[in-house]
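Scroll down for the structure; my scribbles are underneath it.
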Amino acid sequence: MFYKLNNKAIKNSLSEQVQEISAQNVFDCYQCGNCSSGCPVVDYMDISPNQVMRLAQFGAIQEILDSETIWICSTCLQCSSRCPKGIDVSKVMEAFRAINLRKRFSKVEPNKTQIQNIKETPPILLVSAMRKMTG
Amino acid sequence: MKRIGVFICHCGVNIKDTVDVELLTEQLENYPGVVHIENYMFMCSDPGQNQIKAAIEENKLDGVVIAACSPTLHESTFQNVIEEMGINKYQLEIANIREQCSWVHNDKEEATRKANLIIKTALEKLRLNESLSPVSSPMTKRVMVIGGGIAGIQAALDIADGGYEVLLVEKKPSIGGHMIQLSETFPTLDCSQCILTPKMVQLAKHKNIKLYVNSEVEKVEGFVGNFTAKINRKPQYVNPDICTMCGDCIDNCPVVVPSEYDEGLSWRKAIYVPFPQAIPATFTIDTENCLGFDPIACGECRKACKPEAINYDKKPETFEEKIGAIILATGYDLYPVEKMAEYGYGKFPDVLNGLQFERILSATGPTGGKMLRPSDGKIPKEIVFIQCSGSRDPERHNSYCSKICCMYSLKHAKLYKHKVHDGQPYIFYIDIRSGGKRYEEFIQQAVSEDGVIYIRGKVAKIYKEDDKMIVHGMDTLTGKKIEIKADLVVLAQSMIPSEGVNKLIQNLKLSTDEHGFLNEAHPKLRPLESIQSGFYLTGAAQGPKDIPDSVAQASGAAAKVLALMSQQEIYHEPIIAWVDEEKCSGCGICISTCPYGARALNFDGIAEVNEVLCEGCGACISACPSSASQQRNLTDDQINNMIDIILQDNLENSLEKEDMI
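Sequence order for the protein chains is A and B. Sequential numbering from 0 applies to the first sequence in numbering that gives the first Met the number 0. Sequential numbering from 0 applies to the second sequence in numbering that gives the first Met the number 0.
Below, the structure written as structure tokens:
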């Protein structure tokens with residue numbers, strides 16, 4: 000299957016929304032991969048952070064919105080501190096989550112989560128999971 | 000017998016660790032002719048050199064053997080040392096016990112034995128060395144520059160400003176080269192013509208520069224300081240002194256052919272000016288296409304020409320010019336796009352090469368600077384640029400990187416965005432090479448701000464669907480197969496040496512690499528000159544280069560030439576052939592063997608040597624059936640003595656081994 004790249008696909012409204020919410024220019028990314036290699040949870044992601052940036056450049060926003068990656072991201076800010084182009088990658092991730100949450104869609108629901116799981120979860124992860132709820 | 004001093008260098012640990020220098024000193028102490036021997040850590044250092052000087056004075060030496068590194072490194076250093084002490088520099092021999100011994104062996108005992116032999120052979124050679132003085136010849140203070148592109152123009156201007164006469168030979172009807180075809184130049188985006196034409200005008204008006212356009216160098220004879228070049232000029236049908244540039248001839252010419260200046264995207268007549276700012280500013284008749292040579296067929300331009308500047312009966316002219324040095328600035332061509340079958344060039348009018356796209360971007364181009372595509376004149380909304388087209392492809396095309404394509408493809412994309420704001424440029428790349436001042440920033444800015452999309456991968460194929468070019472490629476960063484419906488495709492073709500240069504290079508006996516680019520004398524330390532003395536290299540003739548690099552190299556080569564020109568005489572190495580007249584039978588074999596044309600028979604039927612032309616290659620010496628040809632300081636006697644020493648040692652060694660058995 001060919002991915003059809005064209006002017007309209009690249010500049011769609013969702014893509015502009017992501018850039019507006021995050022206040023980051025995804026076209027700044029030159030694909031060094033520093034964000035992914037520094038990410039502590041990249042092994043559990045279906046799309047690595049650098050691939051998220053790449054897909055965002057191509058305008059393939061829906062693919063990212065449907066991914067597990069944005070929910071696995073713990074907002075630890077490793078990627079943002081490592082980016083040589085100064086892109087706040089975690090803000091871009093947050094923008095994707097925000098778009099999903101505004102549609103009343105969420106992956107993490109604390110009231111339905113087992114208390115044991117919550118006990119085993121690192122506090123930072125829990126905090127960021129809660130933050131995700133605030134949209 | 001000569002009083003010889005032997006100096007053995009440790010070269011730090013380079014020699015000492017593998018060769019027992021103390022043992023060597025002992026062994027050679029009583030060798031016939033050796034009156035002084037010593038070893039030292041660094042003979043080439045100042046204290047080392049002083050030790051040599053002191054030993055020469057103390058022992059009244061008249062010959063020196065230095066056992067050290069290769070003579071290419073320090074022969075001249077030590078020659079200077081002994082010359083300072085009043086000994087002829089040809090009474091020095093270097094015994095190379097580093098590259099040819101210590102660096103290539105492990106066994107210390109055997110290496111020491113070999114070093115001993117190397118030193119002994121040097122001693123035997125030195126014993127029969129004559130004192131020689133260099134051959135000198137006068138210096139012709141004129142320079143020929145071949146090629147009138149930016150490199151040739153810069154070199155010619157620099158030398159002419161230095162006060163020496165320059166001949167600029169250009170094959171095409173005007174100087175300017177490929178640079179005059181470009182629209183704007185990276186990374187500053189200044190207009191190529193605006194920065195080049197002042198230089199062209201300056202060159203045409205310079206009192207020290209003589210311009211030969213429509214001309215080619217047929218052959219060059221002689222040697223550095225004393226070349227004679229034969230230059231062929233195509234017939235000058237239009238007299239430039241009478242022509243008023245009114246253009247009546249063009250209006251009446253019935254022959255229409257594709258324009259070379261616009262890379263075939265527009266048309267010109269058989270009588271034409273290559274481009275508006277051409278230097279020299281005059282009309283040229285294209286011999287191959289003009290019908291006027293048959294008076295019955297045409298003659299329209301002559302009829303139309305009021306000042307009567309056109310004469311069809313002109314003949315090609317040949318000039319012989321004396322020059323002292325030659326600068327080669329023959330430039331580049333693009334790799335034939337027809338060879339890239341998968342990209343459909345020639346089949347689809349909307350697949351262009353880089354230079355054609357430059358013409359479309361240029362204000363003087365076929366579209367007058369408007370961004371329109373060739374097939375239907377529509378504004379292209381999506382353009383695909385393909386990098387490394389013919390480059391970095393050792394299997395099918397060229398193995399090397401053409402260096403400038405990364406930057407010019409991006410420049411194209413950027414200029415396109417300046418003209419079509421809602422357009423989308425895509426660049427397919429394998430790697431981006433932006434090594435140059437402000438180059439990387441130029442790329443980053445275009446990606447972040449101008450919306451140029453880079454896709455990492457090579458395009459596999461292009462085909463046509465309706466009026467779109469369908470481009471199939473791969474983005475290896477996401478692993479996605481990409482399809483783009485493009486309006487226009489631009490191929491960043493590989494750079495190859497300029498067409499027709501091969502013949503010239505063969506005539507001049509210059510060396511090239513496997514791709515046909517001229518070889519420099521040393522890749523790092525002598526990048527401006529050819530190994531053949533008197534020839535200098537500039538611009539893309541030596542390898543793919545952008546404008547700043549070409550200009551830098553041209554000015555560098557000009558400085559080298561100016562240094563050469565400032566000498567009154569040229570000195571030539573005296574290690575050359577000579578003839579024993581008693582033995583010569585006048586068979587003439589040496590004459591046919593000599594690659595430099597330095598041999599001839601004199602009136603007595605005896606072969607002689609032109610001392611200035613002879614390069615001392617030794618071809619005639621090995622060819623001479625009666626051993627009449629000899630090389631100075633490399634005579635048969637010397638070589639036989641050297642071989643004897645080695646054989647004698649081998650004999651002793653094998654006897655020893657037999658004893659042991």
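Where a beta carbon is used, it is the ideal one built from N, C-alpha and C, also for glycine.
Asked                                                                                                                : Found
DSSP beta-bridge partners of P306(B)                                                                                 : P306(B) is not bridged to any residue.
Beta-carbon proximity list for S135(B), same chain, < 6 Å, skipping 5 on both sides                                  : E568, Y570
Complete beta strand (DSSP E) runs within the segment 197–263 of chain B (minimum length 3 residues, chain order)    : 208–211, 214–222, 225–232, 255–257
Sufficient close CB pairs (3 or more, under 8 Å) joining the segment 52–63 of chain A to the segment 8–22 of chain A : yes
Under 9 Å by beta carbon: chain B residues contacting K3(A)                                                          : I481, E482, I483, K484
Backbone CA spacing between E381(B) and E337(B) [nearest angstrom]                                                   : 23 Å
Contact set between E381(B) and chain A, taken where Cβ atoms lie within less than 8 Å                               : N5, N6
Test: T187(B) CB closer than 8 Å to a CB of chain A                                                                  : no
Local conformation of Q180(B) per DSSP, three classes                                                                : helix
Backbone CA spacing between P543(B) and L91(B) [nearest angstrom]                                                    : 42 Å
Exposure label - N649(B); buried when at least 16 CB within 10 Å                                                     : exposed
Rounded separation between K233(B) and M370(B) - CA only                                                             : 37 Å
Where K268(B) falls: helix, strand or coil (DSSP)                                                                    : strand
Host alpha helix (DSSP H) of H411(B) (start-end)                                                                     : 404–418
Delimiting residues of the beta strand (DSSP E) encompassing Y535(B)                                                 : 534–536
Cβ pair T511(B), L127(B) closer than 8 Å                                                                             : no
When V80(B), E83(B), I93(B), G62(B) are compared against T71(B), the one with the closest alpha-carbon               : I93(B)
Contact residues within the segment 19–47 of chain A, judged by C-beta distance below 8 Å to chain B                 : N24, F26, D27, Y29, Q30
8 Å Cβ cutoff, L290(B) in contact with chain A                                                                       : no
C-alpha gap between N506(B) and S265(B), whole angstroms                                                             : 35 Å
Rounded Cβ spacing between P253(B) and A203(B) (contact assumed at less than 8 Å)                                    : No, P253(B) and A203(B) are not in contact; Cβ-Cβ is about 31 Å, not under 8 Å.
Closer than 7 Å at the beta carbon, the chain B residues around I9(A)                                                : Q423, I452
Three-state class that DSSP yields for E21(B) in the structure shown                                                 : helix
Own chain residues within Cβ distance below 6 Å of Q276(B), not counting five before or after                        : T196
Chain A contacts made by the segment 460–477 of chain B, where a contact means CB separation under 8 Å               : H471, D474, L476, T477
Spatial distance of Y462(B) from Q30(A) (CA atoms)                                                                   : 29 Å
Residues near Q201(B) by beta carbon distance below 7 Å, same chain, minus five either side                          : L156
Where R53(A) meets chain B, residues with beta-carbon distance less than 7 Å                                         : L476, T477
Nearest-angstrom Cβ-Cβ length linking L60(B) and P573(B), presumed shorter than 8 Å                                  : Their Cβ separation, rounded to whole angstroms, is 22 Å, which puts L60(B) and P573(B) out of contact at 8 Å.
Proximal residues of chain B, C-beta to C-beta of Q56(A) below 8 Å                                                   : I452
Supposed contact pair D261(B) and P365(B) - C-beta distance, whole angstroms, cut 8 Å                                : 5 Å
Cβ neighbours of Y334(B) in the same chain (closer than 6 Å, five flanking residues each side left out)              : G389, Q492, S493, I495
Residue-level contact to chain A via CB, S532(B), 8 Å cutoff                                                         : no
Whole-angstrom distance between N213(B) and V103(B), CA atom to CA atom                                              : 54 Å
In DSSP terms, what N38(B) is bridged to                                                                             : I7(B)
Proximal chain A residues relative to S361(B), where beta-carbon distance stays under 9 Å                            : None at all; the shortest Cβ gap to chain A is about 25 Å.
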